[in-house]
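**Q**
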Amino acid sequence: MSTRPRRCSKCGKTPPEGLQACSRCHGATGVYCSKECQVAHWKMHKPMCRAPAEDEVWGVRILDNRHAPWRNQFQNVLLKTSHPIFTQGERCPVTEVCGFPLVIWSEGHHGGTRALQDNKPAVYLRIEATDGLAPMRWQLNDAGTCFVTRRDREPLTLEAVEIVYNFHSHLLKTYGVNSEETGMNWEQPLSPEWLRSFADEYREQEIERGRKGFGFFP
971 MSTRPRRCSK CGKTPPEGLQ ACSRCHGATG VYCSKECQVA HWKMHKPMCR APAEDEVWGV
1031 RILDNRHAPW RNQFQNVLLK TSHPIFTQGE RCPVTEVCGF PLVIWSEGHH GGTRALQDNK
1091 PAVYLRIEAT DGLAPMRWQL NDAGTCFVTR RDREPLTLEA VEIVYNFHSH LLKTYGVNSE
1151 ETGMNWEQPL SPEWLRSFAD EYREQEIERG RKGFGFFP
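For the sequence shown, our numbering assigns the number 1188 to the last residue and increments by one with no breaks.
As structure tokens, then:
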């Protein structure tokens, strides 16, 4: 069972007077430092405004490329703890190094289902931290619909997956220089600090674009 968030779900602050729990989910997926933050975050929080049961975990479904662009591919989903992602899922190496461990599961690679299309966001999340390449089967075979969760089973938000996906995309487009001798030479070492800095910048950009409810990176 997940624990209550320890920082404001909108701005990330922890005021000395404490946080106010969302009255609908009782703070399971939303706590706030002020009424203003709660109102501003409602559009983002609403799909997850429910406390998961003991055998449920909030994750994200990643639809295949038929639903591209990526903004249309991410969906909130409540996964039962009996879901095979918790026994068959693969760790996402970059997020592991960056202190935000995620686990991913593919209907095509793990579920024995014939996938109808590949899944670019999922393939990006599966790249290795050492060489920037996804395992060969992720490159050659269609992944289909995928699911991703936090390894600690805390609630995973769409905002967090969006930031992580764009961080991977940013790495591959901007900084990756791969060689057979040394592997992937990132411009700086992968670290929680780099991911956090990217998340802060990305969040500010999205707010400037009018997404005022976009919350902090957990």
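The C-beta atom is built at its ideal place from N, Cα and C for all residues, glycine as well.
Report the residue from ASP1112, ASP1025, GLN1008 whose alpha carbon sits nearest the alpha carbon of ASN1035.
**A** With distances taken between Cα atoms, ASN1035 lies closest to ASP1112.
**Q** Would CYS981 and PHE1186 be called neighbours here (beta carbons separated by less than 8 Å)?
**A** Against a cut-off of 8 Å, the Cβ pair of PHE1186 and CYS981 comes out as a contact.
**Q** Give the DSSP-derived three-state secondary structure of GLN990 in the structure shown.
**A** Note: GLN990 maps to strand in three-state DSSP.
**Q** On the premise that ILE1133 lies in contact with TYR1094, defined as a C-beta separation below 8 Å, what is that separation, rounded to the nearest angstrom?
**A** That pair is no contact at about 13 Å.
**Q** Restricting to Cα atoms, I'd like to know which of PRO1091, CYS1116, HIS1011 is closest to GLY1082.
**A** The residue with the shortest Cα to Cα distance from GLY1082 is CYS1116.
**Q** When the distance is taken between beta carbons, is VAL1030 closer than 8 Å to LEU1160?
**A** No, Cβ-Cβ distance for LEU1160 and VAL1030 is not below 8 Å.
**Q** Does THR1119 come out as helix, strand or coil in the three-state DSSP assignment?
**A** THR1119: strand per DSSP, three-state reduction.
**Q** Identify whether GLN1058 lies in helix, strand or coil by the three-state DSSP scheme.
**A** It is helical.
**Q** Am I right that LEU1126 and TRP1012 are in contact with their C-beta atoms under 8 Å? What's the rounded C-beta distance?
**A** That belief does not hold up - the Cβ atoms of LEU1126 and TRP1012 are roughly 19 Å apart, past 8 Å.
**Q** Just reading off the alpha helix (DSSP H) that TRP1108 is part of, what are its end residues?
**A** Here the alpha helix (DSSP H) through TRP1108 covers 1106-1110.
**Q** Quick one: what's got a C-beta closer than 7 Å to TYR1135's C-beta in the same chain, skipping five residues either side?
**A** Excluding residues within five positions, the ones whose Cβ falls inside 7 Å are TRP1040, PRO1091, TYR1094, LEU1095.
**Q** Less than 7 Å between C-beta atoms, sequence neighbours within five positions excluded: which residues of the same chain meet that for ALA1099?
**A** Here the set comprises PRO1063, VAL1064, VAL1067, LEU1160.
**Q** Helix, strand or coil for LEU1049, going by three-state DSSP, please let me know.
**A** Looking at LEU1049 - three-state DSSP - the assignment turns out to be strand.
**Q** Along the beta strand (DSSP E) that carries LYS1028, what are the first and last residues, could you check?
**A** In the sequence as presented, Lys is not what sits at residue 1028; that position holds Trp. Here the beta strand (DSSP E) through TRP1028 covers 1026-1032.
**Q** Which residue or residues does DSSP assign as beta-bridge partners of TRP1075?
**A** PHE1117, per the DSSP bridge assignment.
**Q** Do MET1014 and the ligand FAD come close, with the Cβ less than 7 Å from some heavy atom?
**A** This structure does not include the ligand FAD; it has no bound ligands of any sort.
**Q** So is HIS1037 in contact with chain D if we call contact Cβ pairs under 8 Å?
**A** Checking the listed chains, one finds no chain D in this structure; it contains a single protein chain.
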